[in-house]
Amino acid sequence: MPLDPLPLAVAALAASLLSAYLGIVAWRRTRRAVIVLRTLLGDRASRPARPRKRYMVFEIVAISGDLARVRRADVEEAVKRSCQLLFGALGYGAARPTLVYYDESRGVGVLSFRHTWRNHVFLLLSLIREIGGVKVVAVPTSTTGTRRKAMRIAEKL
Amino acid sequence: MAVDLCFKGTVDEALARHASRLGYRAIAVCGIDSFRDVGGLRLVPRFELARSSVDRYRKSRGLRVLLVRSRDDLKAYPKLAGSVDSVRILFDDLGEADKGFWRRVISLGAPVEVEFSELLQRIIDGSPVDYYYLLFRLYARGKVRIYMCSGAADASTLVHPTAMSALASVLGVPEALALKAVLKTPGELVPDAA
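Quick mapping for you: the protein sequence lines, in order, are chains A and B. Take 1 as the starting number for the first sequence in the numbering used here and just add one per residue. Take 1 as the starting number for the second sequence in the numbering used here and just add one per residue.
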């Protein structure tokens with residue numbers, strides 16, 4: 001007597017769906033176990049990313065006084081002082097804000113720093129109120145990942 | 001374009017130009033009764049209200065900020081609905097804020113004003129900022145709404161909007177929420193400023 005193919009097909013489909021489900025569950029469990037194991041062993045993939053440099057283009061706007069009196073060394077000193085005031089020596093060492101370019105005639109500069117400290121650098125620029133006896137405001141314009149792009153933006157400003 | 005809802009000085013053409021350059025389209029100032037335009041910058045009237053004077057300003061147009069100096073200022077808070085646009089908590093006057101106080105702040109539903117210059121000064125002075133941390137934590141959990149304002153008195157203290165969101169981010173607020181507190185919420189509070 002021939003067997004009815006429909007119940008067989010349904011049973012086969014159910015069995016395949018069940019096996020697929022069990023396979024997915026097992027794969028997820030294994031993956032989680034691997035992640036936990038890697039974290040415990042201090043695997044390379046779970047370590048924090050290598051700090052990269054970011055370049056912030058900013059503009060010094062003179063509120064009162066002559067912008068030409070604002071020297072590059074004064075800007076460097078102001079950045080350093082603000083950073084140390086807000087984040088201390090440790091924060092300054094970790095952020096490493098460095099003035100890579102400053103045009104004294106236009107008041108446009110480029111500041112490099114570690115990428116994880118972007119917000120901190122925005123904040124320290126807001127603290128700069130006076131440089132070399134001139135009341136100023138530091139206005140961040142844009143942030144880039146390469147020095148060349150930052151210089152291009154600074155030259156266009 | 002951002003809106004600064006707490007400017008403490010006088011606004012002239014030079015300041016309006018400077019504010020526009022920083023990216024502000026409107027500034028809220030005390031001492032004016034109606035909306036004005038100065039050098040392309042919209043001025044929004046700001047009313048700082050004690051609890052006793054809330055009813056007098058019920059129909060005023062502009063930003064009505066309730067100054068909370070004591071826990072009693074938020075008693076019977078449902079009566080404040082529609083009468084105030086935001087709340088400014090003066091933590092120095094307030095003293096200790098218990099759970100009941102924070103429950104009232106949450107239930108009131110009005111956004112809480114955080115002044116950038118005051119908070120930064122507290123950090124620099126080494127004063128406690130525990131209540132600010134609590135406020136930011138409540139904000140990150142979606143319990144309260146906050147907005148940040150500069151609290152500037154002149155052009156040299158007016159800060160870039162990004163600096164305000166950066167301060168919130170540094171203090172633990174997720175970046176998207178920090179930007180919302182600076183760029184979106186203030187604009188929603190004064191739709192006439194557009």
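The beta carbon of each residue, even a glycine, is placed where N, CA and C say it ideally should be. Just so it is clear, the structure is predicted and the values come from calculations on it, not from any experiment.
Roughly how far, in whole angstroms, is the beta-carbon of residue 72 of chain A from the beta-carbon of residue 99 of chain A, given that I think they are within contact range, below 8 Å?
Contact flag correct, Cβ pair sits at about 7 Å.
So residue 161 of chain B and residue 183 of chain B are in contact, right, with Cβ under 8 Å, and what is the actual spacing, rounded?
Contact flag correct, Cβ pair sits at about 7 Å.
What is the C-beta distance between residue 142 of chain A and residue 57 of chain A, in whole angstroms, given that I count them as a contact (C-beta under 8 Å)?
Approximately 5 Å separates the beta-carbon atoms of residue 142 of chain A and residue 57 of chain A; this is inside 8 Å, confirming the contact.
Given that residue 126 of chain A touches chain B, what residues does it touch there, using C-beta distances under 7 Å?
Going along chain B in sequence order, the residues near residue 126 of chain A (Cβ under 7 Å) are 159, 160 and 163.
Could you check if residue 38 of chain B belongs to the surroundings of the ligand COA, using beta carbon to heavy atom distance under 6 Å?
Annotation note on the ligand COA: not contained in the displayed structure, which lists no ligands.
Does the CB of residue 150 of chain B have a neighbour CB from chain A at under 7 Å?
Cβ-Cβ to chain A under 7 Å: no for residue 150 of chain B.
Taking three-plus beta-carbon pairs below 8 Å as touching, is the segment 102-121 of chain B in contact with the segment 142-159 of chain B?
Contact holds: three or more Cβ-Cβ distances are below 8 Å.
Could you tell me the distance, in whole angstroms, from the CA atom of residue 17 of chain B to the CA atom of residue 66 of chain B?
Straight-line Cα distance between these residues: approximately 30 Å.
Local conformation of residue 130 of chain B per DSSP, three classes
Shown here, residue 130 of chain B sits in a helix according to DSSP, grouped into three states.
Residue ranges of each alpha helix (DSSP H) run of no fewer than 4 residues wholly in the segment 114-180 of chain B, ordered along the chain?
Inside the segment 114-180 of chain B, DSSP marks whole alpha helix (DSSP H) runs of 4 or more residues at positions 116-125, 130-140, 161-170 and 175-179, from first to last along the chain.
If we define contact as Cβ-Cβ less than 7 Å, is residue 74 of chain B a contact residue for chain A?
So no, residue 74 of chain B is outside the interface.
Measure the beta-carbon distance from residue 129 of chain B to residue 123 of chain B and round it to whole angstroms, keeping in mind my assumption that it falls under 8 Å.
Rounded to whole angstroms, the Cβ separation of residue 129 of chain B and residue 123 of chain B is 6 Å, and the two are in contact under 8 Å.
Separation of residue 76 of chain A from residue 148 of chain A, as counted between CA atoms:
Distance between the alpha carbons of residue 148 of chain A and residue 76 of chain A: 20 Å.
Just to confirm, is the Cβ distance from residue 123 of chain A to residue 181 of chain B under 7 Å?
Not closer than 7 Å, so no.
Among A:40, A:68 and A:31, which has the Cα closest to the Cα of residue 108 of chain A?
Nearest C-alpha to residue 108 of chain A: A:68.
Determine whether the beta carbon atoms of residue 119 of chain A and residue 170 of chain B lie at a separation below 7 Å.
Yes, these two residues count as a Cβ contact at 7 Å.
Within chain A, partners of residue 170 of chain B - CB distance below 7 Å:
Contact note: residue 170 of chain B reaches chain A through 119, 120 and 123, using a C-beta cutoff of 7 Å and chain order.
The beta strand (DSSP E) spanning residue 112 of chain A covers which residue range?
Annotation for residue 112 of chain A: the continuous beta strand (DSSP E) segment containing it runs 108-114.
Starting from residue 135 of chain A, find everything on chain B with Cβ-Cβ shorter than 7 Å and list it in chain order.
Result: 156.
Does residue 140 of chain B come within less than 7 Å of chain A when only Cβ atoms are used?
It does not: the Cβ of residue 140 of chain B has no partner Cβ on chain A nearer than 7 Å.
Can you tell me where the beta strand (DSSP E) holding residue 142 of chain A begins and where it ends?
If you look at residue 142 of chain A, you'll find it in the beta strand (DSSP E) that goes 134-144.
Taking Cβ-Cβ distances shorter than 9 Å, what residues in chain A pair up with residue 124 of chain B?
At a C-beta separation below 9 Å, residue 124 of chain B has these neighbours in chain A: 85, 86 and 127.
DSSP beta-bridge partners of residue 60 of chain A:
Answer is A:138, bridged to residue 60 of chain A.
Run through the segment 44-120 of chain B for me and flag every whole alpha helix (DSSP H) of 4 or more residues, listed as ranges in chain order.
Scanning the segment 44-120 of chain B from its first residue to its last, the whole alpha helix (DSSP H) runs of 4-plus residues come out as 91-94 and 99-108.
Once you ignore the five residues that flank residue 24 of chain B on each side, which residues in its own chain have a CB closer than 6 Å to its CB?
The beta carbon of residue 24 of chain B sits closer than 6 Å to those of 2 and 4, all from its chain and outside the five residues before and after it, given in chain order.
Per DSSP, which one or two residues make a beta bridge with residue 2 of chain B?
Residue pairing from DSSP places residue 2 of chain B in a beta bridge opposite B:24.
Beta-carbon proximity of residue 44 of chain B to residue 26 of chain B, cut-off 7 Å:
Going by C-beta atoms, residue 44 of chain B is nearer than 7 Å to residue 26 of chain B.
Verify whether the separation of the beta carbon atoms of residue 40 of chain B and residue 60 of chain B is less than 7 Å.
Residue 60 of chain B is positioned such that its CB atom lies no closer than 7 Å to that of residue 40 of chain B.
Keeping to the same chain, check which residues put their C-beta closer than 6 Å to that of residue 15 of chain B; ignore five residues upstream and five downstream.
Correct list, in chain order: 155.
Which residues bound the alpha helix (DSSP H) around residue 74 of chain A?
Segment 72-95, the alpha helix (DSSP H) holding residue 74 of chain A.
What in chain A is Cβ-close to residue 22 of chain B, meaning under 7 Å?
When 7 Å is used as the limit between beta carbons, residue 22 of chain B is near these residues of chain A: 139, in chain order.
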